[in-house]
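J.: So that we are looking at the same thing, I have put the structure below in structure tokens.
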Amino acid sequence: MSARENILNRLRQAEKSAQEHTLPHVHDQELYRDFPEESPEVMLDLFARRLVALQGEFYAAASELEAAEKLLHILSSAGDGPVAVQEHTLLHSVVEHNTGLRNRLVFEQNFPEDAREFAAFEAGITTADWLIARSGSILLRTNRAGGRRLSVLPPLHVVIATTGQLVPSLEQGLDRIRAQEADWSYMTLITGPSRTADIEKILVLGAHGPKRLAVIVIEQN
Numbered sequence: 062m063s064a065r066e067n068i069l070n071r072l073r074q075a076e077k078s079a080q081e082h083t084l085p086h087v088h089d090q091e092l093y094r095d096f097p098e099e100s101p102e103v104m105l106d107l108f109a110r111r112l113v114a115l116q117g118e119f120y121a122a123a124s125e126l127e128a129a130e131k132l133l134h135i136l137s138s139a140g141d142g143p144v145a146v147q148e149h150t151l152l153h154s155v156v157e158h159n160t161g162l163r164n165r166l167v168f169e170q171n172f173p174e175d176a177r178e179f180a181a182f183e184a185g186i187t188t189a190d191w192l193i194a195r196s197g198s199i200l201l202r203t204n205r206a207g208g209r210r211l212s213v214l215p216p217l218h219v220v221i222a223t224t225g226q227l228v229p230s231l232e233q234g235l236d237r238i239r240a241q242e243a244d245w246s247y248m249t250l251i252t253g254p255s256r257t258a259d260i261e262k263i264l265v266l267g268a269h270g271p272k273r274l275a276v277i278v279i280e281q282n
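If you count by the working numbering, then the sequence shown holds residues 62 to 282, one letter each, in order.
The structure is reproduced here in structure tokens:
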């Protein structure tokens, strides 16, 4: 048997083996043993713990007024520069509860076209599509992110969402997005602040995106 025939036979055997192999259901694997219940309390607690473990910042708010106070506190540590905000009814509503926020905020309709001007923003504020309890992640599409750059370029990304946006897993979040019709060009999954350990295995935050990620979740009755 020639070397070529030997290689082809091995490829055929590998293909046959792959077809015969049955993968277990994902929730039966060790990775999914902590699959959360779907109650808002359980999901919120798990989301908060996972986010903080990833060096994100979590803030619970009982109302939009309290969310505005927490947002002002977060931004007070982000320098004195302007803050970019996505156009969204929830974000407008939160901002209206605190006049101390308004002077610094630039909403989406007034964003500069020039990238260098956009780079001057100290923080970017968005809402989210879904909050993934199991991993402490934010699922975000461009139509809820103020475009492609708002959640990426500023050194601080603040997400304001409600408990109604919590889902147990990425699987459920993707299922709900498939059921929606919306104009969007890409989707991203944000799990903690940007990080890398490529150089000498030393963890560095803010390497490819925001150095800080803060999430405010408003209790929804």
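Heads up, the beta-carbon is just placed ideally off N, CA and C, and yes, glycines get one too. Nothing here was measured: the structure is a model prediction, and the numbers come from that model.
For the beta strand (DSSP E) that contains F119, what are its first and last residues?
T.: It spans E118 to A122 - the beta strand (DSSP E) in which F119 sits, taken as one unbroken run.
J.: With F335 as the anchor, note down where its alpha helix (DSSP H) starts and where it stops.
T.: Residue 335 lies beyond the residue range present for the chain, which begins at 62 and ends at 282; the question has no answer from this structure.
J.: The beta strand (DSSP E) that contains L201, what's its start and end?
T.: First-last of the beta strand (DSSP E) with L201: S198 to R202.
J.: If you drop the 5 nearest sequence neighbours on each side, which residues of the same chain put their C-beta closer than 8 Å to that of R209?
T.: Cβ neighbours of R209 beyond the five flanking positions: T203, S246 and Y247.
J.: Along the chain, where does the beta strand (DSSP E) that runs through H218 open and close?
T.: Where H218 is concerned, the enclosing beta strand (DSSP E) stretches over L217 to T223.
J.: Could you check how far apart the C-beta atoms of L274 and E118 are, in whole angstroms? I think they sit under 8 Å.
T.: The pair is a contact, with the Cβ atoms about 7 Å apart (cut-off 8 Å).
J.: What do you reckon, are the CB atoms on A222 and A189 nearer than 8 Å?
T.: Yes. Within cutoff.
J.: Ordered along the chain, which non-local residues of its own chain (more than five positions away) have a Cβ less than 8 Å from that of A114?
T.: Excluding positions up to five away in sequence, the list reads G197.
J.: Check whether the region 142 to 157 and the region 225 to 240 touch, using three or more Cβ-Cβ pairs below 8 Å as the test.
T.: Counting Cβ pairs under 8 Å, fewer than three are found: no touch.
J.: Please state the DSSP three-state secondary structure of A139.
T.: A139 falls in the coil class under three-state DSSP.
J.: Run through DSSP, which three-state label would F168 get?
T.: Strand, per DSSP.
J.: For G267, name the three-state secondary structure that DSSP assigns.
T.: Caution applies to G267, whose pLDDT of 47 falls short of 50 and renders its modelled position unreliable; the model cannot decide the point.
J.: Can you name the start and end residues of the beta strand (DSSP E) that E192 belongs to?
T.: Note that residue 192 is Leu in the sequence shown, not Glu. W191 to I193 is the span of the beta strand (DSSP E), which, as asked, contains L192.
J.: Where DSSP assigns a beta bridge to V228, which residues make up the other side?
T.: Answer by DSSP bridge pairing, in chain order: I193.
J.: Under the rule that 16 or more other beta-carbon atoms within 10 Å means buried, what is E125, buried or exposed?
T.: By the 10 Å Cβ count, E125 comes out buried.
J.: Is T160 helix, strand or coil when you go by DSSP?
T.: In the structure shown, T160 sits in a helix (DSSP, three-state: H, G or I).
J.: In its own chain, which residues sit with a C-beta less than 8 Å from the C-beta of G140, not counting the 5 before and 5 after it?
T.: So the qualifying residues of the chain are E183.
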